[in-house]
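Remarks on the structure that follows.
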Amino acid sequence: MDKRVVVLGGGVGGTMVANSLARSIPDEVRRGNVKITLLSNEEKHTYQPGFLFMALNEGRLEQFQRKEKTMLHPGVDLVLDNIVKIDRDGKRLIGEKGTVYPYDFLVISTGSFPDFDSVPGLAEGSYNFYTAEGAVKLREALANFRRGRILITIDVPHKCPAAPLEMTLMLDDYFRTRELRDQVDILYTYPIGRVHALQSIADWAQEEFESRDIKYETFFNLTEVNPQLKVATSLEGSEVQYDLLISVPAHKGAQVIRDSGFGDEQGFIPTDRHSLKMLGEDSIFVLGDATNLPISKAGSTAHYQADVVVQNLISELNGLPSTAMYDGKVFCFVESSMNQASYVEFNYTHPPQPAEPSKMLHWFKLAYNEVYWLSARGLL
Amino acid sequence: MEDVKVDKTVDARGSFCPGPLMELIKAVKAQPVGAVIEVLSSDKGSANDIPVWAKKVGHELIYSDQVGDHWKIAIRKTK
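Protein sequences, first through last, are from chains A and B. Residue numbering for the first sequence follows the UniProt record's numbering, starting at 1 and increasing by one per position. Residue numbering for the second sequence follows the UniProt record's numbering, starting at 1 and increasing by one per position.
Right, dumping it as structure tokens:
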């Protein structure tokens, strides 16, 4: 019997699953026994880590985008539509013009999105590097910034937990290179009692901050921004004056998840941490930022999860139960300046140890920015 | 521990990043004032981190217990 596999979302996770599946079962796809459809509401595929580099004037948007169609294996059918509802009982998706997409197996990889309305005054009073538009605006603001305090605030949950720290360390280098650092005060804040979620990264970063005169305040959960007075207020009772605010807003799940009524309060989907099946569902897999798993929302997470989802899909398509288990693996580069980087790797049971920063790791990261296009195609 | 009605449980076992406290903060934001939020953590550091944050903000610590290989910690949202 023919089977329809529908992948919802054209980001890292969705694209990798669709391509890897098509590559793994070429005969079934060619004969039409398995039909793979990727549904995306974006014509272009964006490599989001590029936004950090864009904001610091080290790359342009065109470098970090490709047409999704050019990314896909010929056995994957791309459909551009904005899905407005997932009907689990009817095993079908509904597009914004009423088009119905039935599925036998559904893969949800709908990502996460910064919520600029999550804090009063945030949309009006802050810059960000979590959207392409935000990175372009921030690039201009930083290029024209010559004196004053830059405040960095970070809300939870957010994707790419390394990025705010990278931005802070790179900003220091950016203004030193421009010989403006003695006129620019950098104040980094973090929601918990150390400067990063990972204790080992926090210990390393705190030393970096102190040696580079980067100021920091911990236990800072942003509750309000006053764009007129340029003051940011925290839940813990702190009020901080700023000249330029760079904020990482709390993220939420995709609109379609919230509208379909099966996400948690922020629209993230309850997911089995090992099989990556949606809890209570046998024919729906979830990966990447869309899950409610307590792990990093990062491209590498989606990448490793894609391998597990593909393996389990193949089993299920052949009438076998899912046996591949995700072990919580995450890998993150951490840029420590404009020309050095570190990395961490960890899973559910093994804590990370940051690698010694080096120029080689920085060049590795820049090389990966290009190699990514092969990964997304399921080639690497 | 058994007498308290928990409104939301967050299973943050095996989480190094973002970690149990960040998962708890995420959950607290989505709950109304008065709600009890429980977090499960396999990190013994949570038994220190979470009460410190709760005290700093003014949330009430309901319990912090080791249960087998993990900790169960609950707070009541006060504001």
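Note that the Cβ used here is the ideal one computed from N, Cα and C, for glycine as well.
Mind checking if residue i is an interface residue toward chain A, Cβ cutoff 8 Å exclusive?
{"i": "lysine 44 of chain B", "result": "no"}
{"i": "leucine 21 of chain B", "result": "yes"}
{"i": "proline 32 of chain B", "result": "no"}
{"i": "valine 52 of chain B", "result": "yes"}
{"i": "lysine 72 of chain B", "result": "no"}
{"i": "lysine 77 of chain B", "result": "no"}
Which one or two residues does DSSP pair with residue i in a beta bridge?
{"i": "threonine 131 of chain A", "result": "Bridge partners of threonine 131 of chain A: none, in fact."}
{"i": "serine 64 of chain B", "result": "B:Ile73"}
{"i": "serine 126 of chain A", "result": "According to DSSP, which records beta bridges pairwise, serine 126 of chain A is partnered with nothing at all."}
{"i": "arginine 4 of chain A", "result": "A:Lys35"}
{"i": "isoleucine 332 of chain A", "result": "The sequence as given places cysteine at residue 332 of chain A; isoleucine does not occur at that position. Looking at the DSSP assignment, cysteine 332 of chain A forms a beta bridge with A:Val344."}
{"i": "tyrosine 101 of chain A", "result": "A:Leu93"}
{"i": "methionine 170 of chain A", "result": "In DSSP, methionine 170 of chain A forms no bridge with anything."}
{"i": "leucine 187 of chain A", "result": "A:Leu151, A:Lys215"}
{"i": "arginine 66 of chain A", "result": "A:His45"}
{"i": "asparagine 369 of chain A", "result": "According to DSSP, which records beta bridges pairwise, asparagine 369 of chain A is partnered with nothing at all."}
{"i": "glutamate 28 of chain A", "result": "In the DSSP output, where bridge partners are listed per residue, glutamate 28 of chain A has none listed."}
{"i": "valine 39 of chain B", "result": "B:Val10, B:Ile73"}
{"i": "proline 114 of chain A", "result": "A:His251"}
{"i": "glutamate 281 of chain A", "result": "According to DSSP, which records beta bridges pairwise, glutamate 281 of chain A is partnered with nothing at all."}
{"i": "aspartate 49 of chain B", "result": "Paired residue(s): none; aspartate 49 of chain B is not in a bridge."}
{"i": "lysine 297 of chain A", "result": "A:Lys159"}
{"i": "isoleucine 83 of chain A", "result": "A:Gly95"}
{"i": "lysine 313 of chain A", "result": "The sequence given here places leucine at residue 313 of chain A; lysine does not occur at that position. BP columns for leucine 313 of chain A are empty, so no partner."}
{"i": "leucine 78 of chain A", "result": "A:Leu38"}
{"i": "leucine 222 of chain A", "result": "A:Ser234"}
By a C-beta neighbour count over all protein chains shown, 10 Å radius and 16 as the cutoff for buried, is residue i buried or exposed?
{"i": "glutamate 166 of chain A", "result": "buried"}
{"i": "glutamate 239 of chain A", "result": "exposed"}
{"i": "serine 41 of chain B", "result": "buried"}
{"i": "aspartate 49 of chain B", "result": "buried"}
{"i": "glutamine 66 of chain B", "result": "exposed"}
{"i": "valine 371 of chain A", "result": "exposed"}
{"i": "glutamate 133 of chain A", "result": "exposed"}
{"i": "asparagine 221 of chain A", "result": "buried"}
{"i": "glutamate 28 of chain A", "result": "buried"}
{"i": "threonine 323 of chain A", "result": "exposed"}
{"i": "lysine 159 of chain A", "result": "buried"}
{"i": "tryptophan 363 of chain A", "result": "exposed"}
{"i": "leucine 379 of chain A", "result": "exposed"}
{"i": "leucine 229 of chain A", "result": "exposed"}
{"i": "threonine 349 of chain A", "result": "exposed"}
{"i": "glutamine 241 of chain A", "result": "exposed"}
{"i": "alanine 143 of chain A", "result": "exposed"}
{"i": "methionine 170 of chain A", "result": "buried"}
{"i": "aspartate 213 of chain A", "result": "exposed"}
What residues from chain A crowd round residue i, counting only those whose CB sits closer than 8 Å?
{"i": "lysine 56 of chain B", "result": "Phe219, Glu236"}
Just to make sure I have the definition right: I need the residues of chain A whose C-beta is within less than 7 Å of the C-beta of residue i. Which are they?
{"i": "aspartate 49 of chain B", "result": "Ile192, Gly193"}
Write down the C-beta distance between residue i and residue j rounded to the nearest angstrom, noting that I regard them as a contact closer than 8 Å.
{"i": "serine 247 of chain A", "j": "threonine 153 of chain A", "result": "5 Å"}
{"i": "phenylalanine 175 of chain A", "j": "valine 195 of chain A", "result": "Actually they are not in contact, since the Cβ atoms of phenylalanine 175 of chain A and valine 195 of chain A sit about 19 Å apart, beyond 8 Å."}
{"i": "tryptophan 53 of chain B", "j": "serine 64 of chain B", "result": "That belief does not hold up - the Cβ atoms of tryptophan 53 of chain B and serine 64 of chain B are roughly 12 Å apart, past 8 Å."}
{"i": "leucine 80 of chain A", "j": "serine 40 of chain A", "result": "6 Å"}
{"i": "leucine 38 of chain A", "j": "glycine 13 of chain A", "result": "Not a contact, Cβ separation roughly 11 Å."}
{"i": "glutamate 124 of chain A", "j": "proline 227 of chain A", "result": "5 Å"}
{"i": "alanine 355 of chain A", "j": "tyrosine 343 of chain A", "result": "5 Å"}
{"i": "alanine 232 of chain A", "j": "aspartate 115 of chain A", "result": "Rounded, the Cβ-Cβ distance is 17 Å, inconsistent with contact."}
{"i": "glycine 14 of chain B", "j": "glycine 328 of chain A", "result": "6 Å"}
Using beta carbons (cut-off 8 Å, strictly below), is residue i in contact with chain B?
{"i": "alanine 197 of chain A", "result": "yes"}
{"i": "tyrosine 348 of chain A", "result": "yes"}
{"i": "proline 120 of chain A", "result": "no"}
{"i": "serine 296 of chain A", "result": "yes"}
{"i": "alanine 161 of chain A", "result": "Alanine is not the amino acid found at residue 161 of chain A; the sequence shown has proline there. Interface residue, yes."}
Under 9 Å Cβ-Cβ, which residues of chain B neighbour residue i?
{"i": "glycine 328 of chain A", "result": "Gly14, Ser15, Phe16"}
{"i": "valine 156 of chain A", "result": "Pro18, Met22, Glu23, Ile25, Lys26, Lys29"}
For residue i, which residues in chain B fall below 8 Å Cβ to Cβ?
{"i": "glutamine 266 of chain A", "result": "Lys26, Ala30"}
Interface residues of chain B around residue i at Cβ under 7 Å?
{"i": "proline 351 of chain A", "result": "Phe16"}
Quick check: is the beta carbon of residue i nearer than 8 Å to any beta carbon in chain C?
{"i": "glutamate 236 of chain A", "result": "No chain C is part of this structure, whose protein chains are labelled A and B."}
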